Amino acid sequence: MQSLRILLVEDNPADAELTLRELKRSEIKCEARRVETESDFRIQLDQFDPDIILSDFSLPSFDGLSALHIARKEKPDIPFIFVSGTIGEETAIESLKQGAVDYIIKSNLSRLPSAVRSALERVEEKTAHKRIQKDLDKSTRLFRVFMENLPAIAFIKDANAKYIFANRSATEKLNIPYEEIIGCNTAKLFPQEVVNKFDEMDQQALESGTSVQKIHQITHHNKEAYWMITTFPLEDDEGKFNHVGVIAVDITEQRKAEEALEHQANYDMLTGLANRNLLKERIKQAFHDGRRHAWVFTVAFIDIDNFKRVNDSLGHTAGDELIKMLGQRLLMCVRDTDTVSRVGGDEFVVLLNSQSHEENTQVVVQRFRNELLQPFLISDKQLTITCSIGLASFPRDGETPEILLSNADSAMYRAKANGRNNFQFYAKEMNAELGSHLALEQDLWHALSKNELLLHYQPQIDLATGQIIGMEALIRWEHPKLGLISPLRFIPIAEENGLIIPIGKWVLETACRNNCQLQKEGSSIRVAINLSARQLGQKDLLNTVKEILLHTGMSPEYLELEITESMIMHNVEEAINILCKIHDLGIQLSLDDFGTGYSSLAYLKRFPINRLKIDKSFIRDIATDPNDAIISRSIITLAHSLQVQVIAEGVETAEQLAFLKDNGCNEVQGYYFSKPVPFEQIQLLLDKERKPIS
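Take any residue in the sequence shown, note its place counting from 1, add 2, and you have its number in my numbering.
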């Protein structure tokens, strides 16, 4: 125990000494000051700041009750004990009423130490209680400030389910005055639907003795919101759970953000259709249902044919618009139980649930094709597209969602390989073909840099003179392992992956360089080069052609570019614009495969065409099939009426040649004269033609 500071109000030093001696005998260390007057008492009370006051009752110039009153006023927490002679019971009781903690008779000082200890203990308890009360008051004040500023709604309900507390957020967010909340129950403040939810949570919290948290969608004042509500039981003074606290947080914006993130994770941003992630989940569910109920379902993998051409010619904005419109058309063709998804740039996958027969699937697929064949109005232009569709069905074509999707993809590639604009059901051999296709594609990426590509040339004959008037450049691929590969195998691959652009540029430059060599050797003939759809859609095509002509030194009139009807008709106005610019350079233009594609007679007169090429499909039976003869004759007549030359390809017999001569065809090419040959053999043919027969 620390040294006790004692203020003695005593006029007799001997009595003061006896008092202190009694305390020390009880091992109470103390430091004392003695005063006899009021002024000294006031000074020591302030400066000495005693722990306890021991006072005689009667002093010559001062008295104990006055000292008690001063102490109660100035230092009310300091215990005050009277140590005096006999003063009578009534006086002693009155002194205790005035605030003294005890009264010790001087003749019985042995009781003083315990009285001092007891007084100090009561002071310590009182001080601790005050400190606790102060902390409690502070906590209560902070709690109220916290609750009032809490952005969440806070309520407390009593045992009768009436609100006894509501914070400021409750009144503001519910738009209900505080006075109307306090004393009311839930039924008077909220719709019955909300009341039922709150009552259920209150009951759970009170019965379990733990908090209950739920998210509810609540409509209040015609406004719908999501609330995260936490209800927790509160103990009363007897330790019973009779009160309930409620914290309600408006999570509407958070919920919207979560829903937006979930939507982004599962839906395509451009079309709003299911994306690959959601598609996989739907297919997994279809597998589960299919195994459980022995259902059959089909996955349709849909790819737009030549979609790159749309982007190249009309721009990506138009391409995006086409994708969105196409997605909506697919939705129109299916049931609510089916799923239409976009899984790539121009790739869609449709999950057709519960298709009991393959014939049913074919009906839906034909509906797809018919709907997509209807023209699309994009940027004030009408576009007609086709698609290739691959189909794989559960359980026949795949034991897992991944295998089923992969097999549908393989079937789609088979549909493309079969000429596009059709559909194919999956067959096991397709995977091997797809593997071969992918391997060939990988090799093609390196073919140009490894100088594996080469050009063959087929002579074009002027029927009036019988002389070689031109030649068509035809690309070949000398594969190191597979040997000579036909362009029919690798050109479609190059079209798909974009390699057709650098390959086409190489063909143009090589053919021009070879033709310049022939002209130096004395043969002034033209060279015809096939343009691909992607090349025609390239914005820098005109500059590329100019640069190659300048670089090789070839005159434009000896260059002929061959295009097909379908390439032109895809975007007529854009095609006319670029073809006119090419024609203005002095380059000749030939329309290849005329009559096999679109009916373009209305546009033919607008195209700056120098030459029409009759397709070999009409030439093959021209001498035996009246229909082919009529078509060929009509093409020749039409071309001549438009002041356009005519060339026929695929001439292999004398009968075919005779028919074409008789009907005014201007030029021919085909195996009757020469198959496509390397450049060196063309040089020999032309050299032989230039030399006179001896």
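We put the beta carbon where it would ideally sit given N, CA and C, even for glycine. Keep in mind it's a predicted model, so treat the numbers as computed, not measured.
In the three-state DSSP reduction, E127 falls in the helix class (H, G or I).
The DSSP assignment places complete alpha helix (DSSP H) segments of no fewer than 4 residues inside the stretch 526 to 612 at 535 to 539, 543 to 554, 567 to 572, 574 to 586, 603 to 606, in order along the chain. Per the DSSP secondary-structure output, R7 pairs in a beta bridge with E33. Taking all protein chains shown into account, A18 has 16 or more neighbouring C-beta atoms within 10 Å of its C-beta and is therefore buried. Between the alpha carbons of R635 and E562 lies a gap of roughly 24 angstroms.
Each residue's CA atom was taken as its position, placing A163 and E126 some 42 angstroms apart.
Under the three-state reduction of DSSP, N187 is assigned to strand.
The stretch 154 to 161 makes contact with the stretch 230 to 246; the number of CB pairs closer than 8 angstroms reaches 3 or more. In the three-state reduction of the DSSP assignment, G321 falls in the helix class, which pools H, G and I. The way I'd put it, the stretch 299 to 311 does touch the stretch 528 to 541; three or more beta-carbon pairs between them come closer than 8 angstroms. Around the beta-carbon of K216, fewer than 16 other beta-carbon atoms lie within 10 Å, marking it exposed. Pairing A475 with H458 gives a Cβ-Cβ distance under 9 angstroms.
By DSSP's assignment, W479 forms a beta bridge with L455, I487. With distances taken between CA atoms, L407 lies nearest to A302 out of T363, A302, L354, M473. Under the 10 Å beta carbon count, L47 is surrounded by 16 or more other beta carbons and is classified as buried.
CA-to-CA, the gap between L324 and F148 works out to about 57 angstroms. When C-alpha distances from M414 are compared across K136, G421, F425, Q645, the shortest belongs to F425.
Between L70 and the set Y105, G87, L379, T88, the nearest pair of CA atoms involves Y105.
In terms of Cα proximity to I578, the closest of S568, P610, L593 is P610.
Shown here for D238: same chain residues with a beta carbon closer than 7 angstroms to its own, the five before and five after excluded, namely N244, H245 in chain order. Fully enclosed alpha helix (DSSP H) runs of no fewer than 4 residues occupy 254 to 268 of the stretch 215 to 285, in order along the chain.
Rounded to whole angstroms, the separation of the alpha carbons of L191 and I183 is 7 angstroms. Residue pairing from DSSP places A650 in a beta bridge opposite I616, V670.
Between N532 and N279, the alpha-carbon positions lie close to 42 angstroms from each other.
Nearest C-alpha to Y428 among N409, Q194, L272: N409.
Assigned with DSSP and collapsed to three states, V345 falls in coil, not helix or strand. The bridge partners DSSP lists for D17 come to none.
Annotation for K310: the continuous alpha helix (DSSP H) segment containing it runs 309 to 316. DSSP places D51 outside both helix and strand once states are collapsed to three, so it counts as coil. With a cutoff of 9 angstroms on beta-carbon distance, L385 and L272 are scored as not near each other. DSSP places F378 inside the beta strand (DSSP E), whose first and last residues are 378 to 380. With a beta-carbon spacing of about 19 angstroms, I89 and F43 fall beyond the 8 angstroms limit used to define contacts.
Looking only at G400, L56, K282, the smallest Cα-Cα distance to C32 is reached by L56. In chain order, I8, L10, L22 place their CB closer than 7 angstroms to the CB of A34, counting only its own chain and leaving out the 5 sequence neighbours on each side.
Here A631 is near F661, since their CB atoms are less than 9 angstroms apart.
For the 9 angstroms CB-CB criterion, R36 and P15 form a contact.
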